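Colleague: Residue numbers (the numbering used here): 17 to 236. Note that beta-carbon positions come from the ideal geometry of N, C-alpha and C, so glycine has one too. A quick note: this is a predicted structure, and the numbers were derived from the prediction, not measured.
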Amino acid sequence: MNWPRLCIPACAGCKSARASSGPSSPTRICPTSGRSADSPRTYDQLSTVTEIHAPKPLKNALRKLRRANKALARTQKGSKNRAKAARRVGRIHLDVAHQRADFLHKTTTMLARSKQAIAVETLNVAGMVTNRRLSRAISDLGFGEFFRQLAYKTDWYGSTVWAAGRWFPSSKLCGGCGAVNAGLTLADRVWTCECGTVHDRDVNAARNLLVAMALEQQAA
Numbered sequence: 017m018n019w020p021r022l023c024i025p026a027c028a029g030c031k032s033a034r035a036s037s038g039p040s041s042p043t044r045i046c047p048t049s050g051r052s053a054d055s056p057r058t059y060d061q062l063s064t065v066t067e068i069h070a071p072k073p074l075k076n077a078l079r080k081l082r083r084a085n086k087a088l089a090r091t092q093k094g095s096k097n098r099a100k101a102a103r104r105v106g107r108i109h110l111d112v113a114h115q116r117a118d119f120l121h122k123t124t125t126m127l128a129r130s131k132q133a134i135a136v137e138t139l140n141v142a143g144m145v146t147n148r149r150l151s152r153a154i155s156d157l158g159f160g161e162f163f164r165q166l167a168y169k170t171d172w173y174g175s176t177v178w179a180a181g182r183w184f185p186s187s188k189l190c191g192g193c194g195a196v197n198a199g200l201t202l203a204d205r206v207w208t209c210e211c212g213t214v215h216d217r218d219v220n221a222a223r224n225l226l227v228a229m230a231l232e233q234q235a236a
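1. Using beta-carbon positions only, say whether Val105 and Leu74 come within less than 8 Å of one another.
2. In this structure, how does DSSP classify Thr208 when only helix, strand and coil are distinguished?
3. Our contact map puts Asp216 next to Val206 with C-beta atoms below 8 Å; I'd like the distance itself, whole angstroms only.
4. From this set, Glu232, Asp118, Met229, Leu202, which residue's C-alpha is nearest Asp218's C-alpha?
5. Where does Asn220 land, buried or exposed, given buried means 16+ other C-beta within 10 angstroms?
6. Can you tell which of Ala99, Leu139, Lys122 has its C-alpha closest to the C-alpha of Gly181?
7. Tell me the rounded alpha-carbon separation between Val214 and Phe184.
8. Determine the direct distance from the alpha carbon of Pro71 to that of Leu88, and round the result to whole angstroms.
9. Considering only C-alpha positions, which residue in the set Ala84, Asn76, His109, Leu225 is nearest to Gly194?
10. Under 8 Å Cβ to Cβ from Arg149, same chain only, skipping five residues before and after it: list those, please.
11. May I have the straight-line CA-CA distance separating Ser40 from Asp204, to the nearest angstrom?
12. Determine the closest residue to Leu157 out of Thr176, Phe119, Gly212, with distance taken between C-alpha atoms.
13. What would DSSP say about Ala99, mapped onto helix, strand or coil?
14. Which residues bound the alpha helix (DSSP H) around Ala180?
15. Would you mind giving the Cβ-Cβ distance between Phe159 and Val141, rounded to the nearest angstrom? I have them listed as a contact below 8 Å.
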C-alpha cells in the first residue's frame, strides 16, 4: 500500500487535502484554477494532477529489519555481539522514523505555507488499524502525526484547517449532480455516476471537501 493520495484542488487561496486509505494510491497534488472561497464553484474539471510518492519507509526496510532481527536472535544473551546486533536493529528503526518524519514535515510545511485554508476529512485511524491487512501500511503512513503537524503549522503561517465530519460522503458524493453512490467500495478507485460523470475516487473526494468548506464558510 502506498501513501494515500493527497488531492489538493487549489482555489484562489484555499485547498482541500483528502487522504485515502485505498490500495496502490500515491500522493496526489491537484492544482486547479477556480473562484474564491465564498463561491461553491471552486474548481476546474480540467485540472492537471501532479503525483508525489511517499517513501514508505517501513515497507522498504522490512527485509533489512527481518535480517537484523534474525541476527539478533542468534546471539547469546549478555554478549557484546548481542549488544552490537541490538544497536543495528535500533538504527534501522531510527532510519525509518527519520524518513517518515522528513516526508511529513516537508509535506505539511508546503501545505501550510502555500494556501490560506485547508479542508481535510476526519479519519477513524483507530478503527482502520484493526484491519489486519492494512494495519501495518496505515501505521507506516503516520496519519495522526500528519494532522498534528498540519494543525500547528497552519497556526504558524496564518492559515486555517477545516475538518469535515467523519460521516461526510466525500468519496461517494458525485461532484456533478450531487447523487450519493451508496454501493461504492474501497476497491473502486474510479466510478461512473448515473449522470454519466466519471470520477477518480480521491480527486472527486477532495473537490467535494473543498466545496463543503466553501459552503460552510459562506453560510457562517
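Modeller: So, to answer that:
1. Position 89 of the sequence shown, counting from 1, holds the residue named residue 105. Position 58 of the sequence shown, counting from 1, holds the residue named residue 74. Taking 8 Å as the Cβ cut-off, Val105 and Leu74 do not qualify as a contacting pair.
2. Taking the first residue of the sequence shown as position 1, residue 208 is located at position 192. In the three-state scheme derived from DSSP, where H, G and I count as helix and E and B as strand, Thr208 is classed as strand.
3. Counting from one through the sequence shown, the residue named residue 216 turns up at place 200. Counting from one through the sequence shown, the residue named residue 206 turns up at place 190. Asp216 to Val206, Cβ: 6 Å. Contact.
4. The sequence position of residue 218 within the sequence shown is 202, counting from 1. Of the candidates Glu232, Asp118, Met229, Leu202, the one whose C-alpha sits nearest the C-alpha of Asp218 is Leu202.
5. To locate residue 220, count along the sequence shown from 1; it is residue 204. Residue environment: Asn220 is assigned as buried (16 or more neighbouring CB atoms within 10 Å of its CB, all protein chains considered).
6. As a first step, residue 181 is located in the sequence shown; it is residue number 165 there, counting from the start. Residue Leu139 is the option with its Cα nearest to Gly181.
7. The residue given as residue 214 occupies position 198 in the sequence shown. The residue given as residue 184 occupies position 168 in the sequence shown. Val214 and Phe184: Cα-Cα distance of roughly 20 Å.
8. One-based indexing of the sequence shown puts residue 88 at position 72. One-based indexing of the sequence shown puts residue 71 at position 55. C-alpha separation (whole angstroms): 26 Å.
9. Here residue 194 corresponds to residue number 178 of the sequence shown, with the count starting at 1. Nearest option by C-alpha distance: Leu225.
10. By one-based count along the sequence shown, residue 149 stands at place 133. Counting only Cβ-Cβ distances below 8 Å, and skipping sequence neighbours, we find nothing.
11. One-based indexing of the sequence shown puts residue 40 at position 24. One-based indexing of the sequence shown puts residue 204 at position 188. Only weak support is given to the placement of Ser40: the predicted model assigns it a pLDDT of 35, under 50, and the value that follows is read from those uncertain coordinates. Each residue's alpha carbon lies about 12 Å from the other.
12. What you label residue 157 is simply residue 141 of the sequence shown in a count that begins at 1. When each option's Cα is compared against that of Leu157, the closest is Phe119.
13. Counted from its first residue, the sequence shown places residue 99 at position 83. DSSP places Ala99 in helix when its eight states are reduced to three.
14. For the purposes of this step, residue 180 is identified with residue 164 of the sequence shown, where counting begins at 1. If you look at Ala180, you'll find it isn't in any alpha helix (DSSP H); it sits in the beta strand (DSSP E) that goes 176-180.
15. Locating residue 159 in the sequence shown gives position 143, counting from the first residue. Locating residue 141 in the sequence shown gives position 125, counting from the first residue. The pair is a contact, with the Cβ atoms about 5 Å apart (cut-off 8 Å).
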